[in-house]
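The structure appears right after this line, and notes come after that.
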Amino acid sequence: MKISYPHQVELINASKFGIEHVEMMIEKLKTECPDAFHTDSTLVKRRFHHKPTSDTPCRGFVADRDS
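Note that my numbering has the sequence shown beginning at 79, numbered continuously upward.
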């Protein structure tokens, strides 16, 4: 699920004021549009192109980041 166009605009506008504003907007979006964000239960079904850089749960990946 994508976030709505008005939410996209809010996120873009937040980016003009720095990472702190972006992070606050993401927290707001997580409450208003929770289906737009992955959870551990959805990430375990996902296959990434590049290997995640952390302990992100996933089904697999195509290439290491070094490739």
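Glycine included, each C-beta is placed from N, C-alpha and C at the ideal position.
{"Query": "Which of helix, strand or coil DSSP assigns to histidine 127", "Result": "strand"}
{"Query": "Cβ neighbours of arginine 143 in the same chain (closer than 8 angstroms, five flanking residues each side left out)", "Result": "His128, Lys129 and Thr131"}
{"Query": "Euclidean distance between Cα positions of arginine 137 and tyrosine 83", "Result": "30 angstroms"}
{"Query": "Limits of the unbroken alpha helix (DSSP H) element including valine 122", "Result": "Per DSSP, valine 122 belongs to no alpha helix (DSSP H) and is neither H nor E."}
{"Query": "Residue environment, alanine 92, which counts as buried when at least 16 other CB atoms sit within 10 Å", "Result": "buried"}
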